[in-house]
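Peer 1:
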Amino acid sequence: MESPEASPSWEPTAATATATATSAYRTSEAAALRALVDRVHAGEVEATREVRRLTRASSKHRRKLAAAVEPLVAMLRSPAPDAGEAALLALLNLAVRDERNKTKIVDAGALEPLLGYLQSSDLNLQEYATAALLTLSASSTTKPIISASGAIPLLVKVLKEGNSQAKNDSVMALYNLSTVTDNLQTILSVQPIPSLIELLKGGKRSSKTADKCCALLESLLAFDQGRAALISEEGGVLTIVEVLEEGSLQGREHAVGALLTMCESDRNKYRDIILNEGAIPGLLELTVHGTPKSRVKAHVLLDLLRNSPYSRSKLPADTLENIVSNIASQIDGEDRGGKAKKMLAEMVKVIGTFCNGSRHSGNNEFAGDAGPGLDRTE
Numbered sequence: 000m001e002s003p004e005a006s007p008s009w010e011p012t013a014a015t016a017t018a019t020a021t022s023a024y025r026t027s028e029a030a031a032l033r034a035l036v037d038r039v040h041a042g043e044v045e046a047t048r049e050v051r052r053l054t055r056a057s058s059k060h061r062r063k064l065a066a067a068v069e070p071l072v073a074m075l076r077s078p079a080p081d082a083g084e085a086a087l088l089a090l091l092n093l094a095v096r097d098e099r100n101k102t103k104i105v106d107a108g109a110l111e112p113l114l115g116y117l118q119s120s121d122l123n124l125q126e127y128a129t130a131a132l133l134t135l136s137a138s139s140t141t142k143p144i145i146s147a148s149g150a151i152p153l154l155v156k157v158l159k160e161g162n163s164q165a166k167n168d169s170v171m172a173l174y175n176l177s178t179v180t181d182n183l184q185t186i187l188s189v190q191p192i193p194s195l196i197e198l199l200k201g202g203k204r205s206s207k208t209a210d211k212c213c214a215l216l217e218s219l220l221a222f223d224q225g226r227a228a229l230i231s232e233e234g235g236v237l238t239i240v241e242v243l244e245e246g247s248l249q250g251r252e253h254a255v256g257a258l259l260t261m262c263e264s265d266r267n268k269y270r271d272i273i274l275n276e277g278a279i280p281g282l283l284e285l286t287v288h289g290t291p292k293s294r295v296k297a298h299v300l301l302d303l304l305r306n307s308p309y310s311r312s313k314l315p316a317d318t319l320e321n322i323v324s325n326i327a328s329q330i331d332g333e334d335r336g337g338k339a340k341k342m343l344a345e346m347v348k349v350i351g352t353f354c355n356g357s358r359h360s361g362n363n364e365f366a367g368d369a370g371p372g373l374d375r376t377e
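Residue 223 in numbering that gives the first Met the number 0 is what sits at position 224 of the sequence shown, and the numbering runs on without skipping anything.
Structural data, given as C-alpha cells:
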C-alpha cells in the first residue's frame, strides 16, 4: 500500500515577513516613545531635547508625542533656565502645523509662562516665546484665548524692543490676532504704528514681514486713532507708498488698501497727503500689474484722488491700461524699480487731463479717472 505523501512544510511569504517586521517595529517604536514621554514627566532635559528633535520635521511624531505636552508645559515653570528653554522649543515644534496640539498646549496652561518669557531679559527666550505665540495664534480656536490673556501689549512691546527675529514674529502674531475684530482697538491702544513704520523702513519692501505690516496697517487705519498716528509719524505715508511701488503682489495689495481706507474715511483731509508722497505712478502701474483686488482698489483710489470725484470727464479704463502696459513692456526686469518710476512719472505729465505732478512736485491737482470703481471686497 502506497504511503500518503507528506504535506509540504509551510513557509512565510515575503509579504508576510515584511508585515511581521513592520508590526514589531511599530510596537518597539511605540514603546520607545512612551518611555521618552515618561522621561519628560520625570523632568529630564535631554528627553525634552529629544522630543524637539523628533518633532522638528515629522508630523507623525507630533501626533505620537502629544502626550508630552502637559509635562512640557509644567517644565516651562522650572527654575532651571535650560529646562524652560528646552521645553519651550519642544512645544514650539509640537504646535507647528498641528491644530490639536495647539489647542492642547493652550488648554494645558502654557500661556501664563509664555507671557513671562515675553518679558524676559534673555532675548533668546523672548524670541522663542514670540515664535510660540505666533504659531499658537494661527489657530482660530486659540486666538480668542490668547487675546484674553493679555498677550497683545506684550507683543507690541517686543515689536518695539525685541531682536530682529522677535520683531518679525511679533508682527505676524499681531496680524493673526487682528483678524479678531475686537482686538484692533486693543492693538491701537498700545501704539504700534511707529514701530510698524520703523520695521518697514528698515526691511525689504517685498518681504513677508512687510506684507503683514501693511496688512495690519490696513486694518488699523480704519480707525481715526490709527490714521492720526500714521500721519504724525515722519515718513509714514511715504513708507506705505514705497511698498505700493516696490512690494510683493500681496504687500502692494495691502498698501493700496491702506491708502484707500484713509482716503475713503476723509477725502478732503487725506487726498493731498497721499498725492504729496507721489502715489500716482505706483497706482497707475497697479491698475495693470496688480492682483485683481489691487486693480479694483487702485481704480477706486485714483477716482478719489481726482480733482473732483464727481466729474463726468473720465479717461476710459482700457485707454489707461493700454498706456501703462505699453510702458511696462519697455522696462527691463532688472531695472524695473528705477526706470518704472521715471517712465510712469513721465506718463503722468503727458496725460495732463488725467493727472499732473509726481512725488513732491508741489502741484497735486488730479483730474480724470482710472476707470470704474468696483466694490471693495477682501
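In this text, a Cβ means the ideal position worked out from N, Cα and C, and glycines have one as well.
Can you list, in chain order, the residues of its chain with a C-beta nearer than 7 Å to that of A209? Leave out the 5 residues immediately preceding and following it.
Peer 2: Result list for A209: L199, G202, K203, V242, G246, G250, in chain order.
Peer 1: Roughly how many angstroms separate the alpha carbons of K313 and L301, rounded to a whole number?
Peer 2: With a pLDDT of only 48 at K313, under 50, the local geometry of the prediction cannot be trusted, and no value is derived from it.
Peer 1: Kindly indicate the opening and closing residues of the alpha helix (DSSP H) around K200.
Peer 2: Element bounds for K200: 192 to 201.
Peer 1: Ignore the nearest five residues each way along the sequence and tell me which others in L154's own chain have a CB closer than 6 Å to its CB.
Peer 2: Around L154: S169, A172, L173.
Peer 1: What span of residues does the alpha helix (DSSP H) with Q118 cover, start to end?
Peer 2: Note, Q118: premise wrong, no alpha helix (DSSP H); not H, not E.
Peer 1: With a cut-off of 8 Å on the beta carbons, I'd call V299 and E276 a contact; round off their distance for me.
Peer 2: Actually they are not in contact, since the Cβ atoms of V299 and E276 sit about 18 Å apart, beyond 8 Å.
Peer 1: If I'm right that V179 touches K142 with Cβ under 8 Å, what's the distance once you round it to whole angstroms?
Peer 2: About 5 Å; that satisfies the 8 Å criterion.
Peer 1: Out of A221, L215, I279, which one is the CA nearest neighbour of H253?
Peer 2: Of the candidates A221, L215, I279, the one whose C-alpha sits nearest the C-alpha of H253 is L215.
Peer 1: Express the C-alpha separation of D181 and L114 in angstroms, rounding to a whole number.
Peer 2: Cα to Cα, the separation comes out at about 21 Å.
Peer 1: To the nearest angstrom, how far is it from the Cα of C212 to the Cα of E43?
Peer 2: Each residue's alpha carbon lies about 40 Å from the other.
Peer 1: Just the Cα atoms here: how many angstroms apart are E160 and K166?
Peer 2: Computed Cα separation, rounded: 8 Å.
Peer 1: With T286 as the anchor, note down where its alpha helix (DSSP H) starts and where it stops.
Peer 2: That run of the alpha helix (DSSP H) goes 279 to 288.
Peer 1: Quick check on E345: does DSSP put it in helix, strand or coil?
Peer 2: Summary for E345: the model assigns pLDDT 48, below 50, so the residue's position carries little reliability, and this model does not support an answer.
Peer 1: Assign N267 to buried or exposed, taking buried as 16 or more other Cβ atoms, counted over all protein chains shown, within 10 Å of its Cβ.
Peer 2: That one is exposed.
Peer 1: Taking buried to mean at least 16 other C-beta atoms within 10 Å of its own C-beta, is K296 buried or exposed?
Peer 2: Looking at its Cβ environment, which holds 16 or more other Cβ atoms inside 10 Å, K296 is buried.
Peer 1: Figure out for me which residue from S148, S27, T47 has the closest Cα to the Cα of A66.
Peer 2: The option with the nearest alpha carbon to A66 is T47.
Peer 1: Where I145 and S177 are concerned, what is the direct C-alpha to C-alpha distance, given to the nearest angstrom?
Peer 2: Cα to Cα, the separation comes out at about 12 Å.
Peer 1: Can you tell me which of L88, L248, S194 puts its alpha carbon nearest to the alpha carbon of S206?
Peer 2: Measuring from the Cα of S206, the nearest candidate turns out to be L248.
Peer 1: In this structure, how does DSSP classify D181 when only helix, strand and coil are distinguished?
Peer 2: Coil, per DSSP.
Peer 1: Answer with buried or exposed for S188, where buried requires no fewer than 16 other C-beta atoms within 10 angstroms of its C-beta.
Peer 2: It counts as exposed.
Peer 1: Just how far apart, CA to CA, sit T286 and R294?
Peer 2: Cα-Cα distance, rounded: 4 Å.
Peer 1: Just reading off the alpha helix (DSSP H) that A297 is part of, what are its end residues?
Peer 2: Start and end: 291 to 304.
Peer 1: What are the boundary residues of the alpha helix (DSSP H) that includes E68?
Peer 2: A quick correction: the sequence has Val, not Glu, at residue 68. Run containing V68: 68 to 75, per the alpha helix (DSSP H) assignment.
Peer 1: Going by the CB atoms, is the gap between E49 and L71 shorter than 9 Å?
Peer 2: For L71 and E49, no; Cβs fall outside 9 Å.
Peer 1: Find out if the Cβ-Cβ distance for the pair A56, A94 is shorter than 9 Å.
Peer 2: Taking 9 Å as the Cβ cut-off, A56 and A94 do not qualify as a contacting pair.
Peer 1: Using a 10 Å radius around the Cβ and a threshold of 16 neighbouring Cβ atoms, would you call S120 buried or exposed?
Peer 2: Counting Cβ neighbours within 10 Å, S120 comes out exposed, since fewer than 16 surround it.
Peer 1: Using C-beta distances below 8 Å, list every residue in its chain close to I151, excluding the 5 sequence neighbours before and after it, in chain order.
Peer 2: Closer than 8 Å at Cβ, skipping near neighbours: L173, L176, N182, T185, I186, V189.
Peer 1: Find the nearest neighbour of P193 within the set R226, E284, K101, judged by alpha-carbon distance.
Peer 2: The option with the nearest alpha carbon to P193 is R226.
Peer 1: From this set, R62, D81, P80, V68, which residue's C-alpha is nearest L110's C-alpha?
Peer 2: Cα-wise, what sits closest to L110 is V68.
Peer 1: Are the beta-carbon atoms of A228 and G235 separated by less than 9 Å?
Peer 2: Yes, these two residues count as a Cβ contact at 9 Å.
Peer 1: Relative to the C-alpha of L75, which residue among A107, R99, T54 is closest?
Peer 2: When each option's Cα is compared against that of L75, the closest is A107.
Peer 1: From L135 to L304, what distance separates their C-alpha atoms?
Peer 2: Straight-line Cα distance between these residues: approximately 41 Å.
Peer 1: Starting from the Cα of I230, find the closest Cα among E244, I273, Y116 and give me that residue.
Peer 2: It is I273 whose Cα lies nearest to the Cα of I230.
Peer 1: For N162, does the three-state DSSP call read helix, strand or coil?
Peer 2: Coil.
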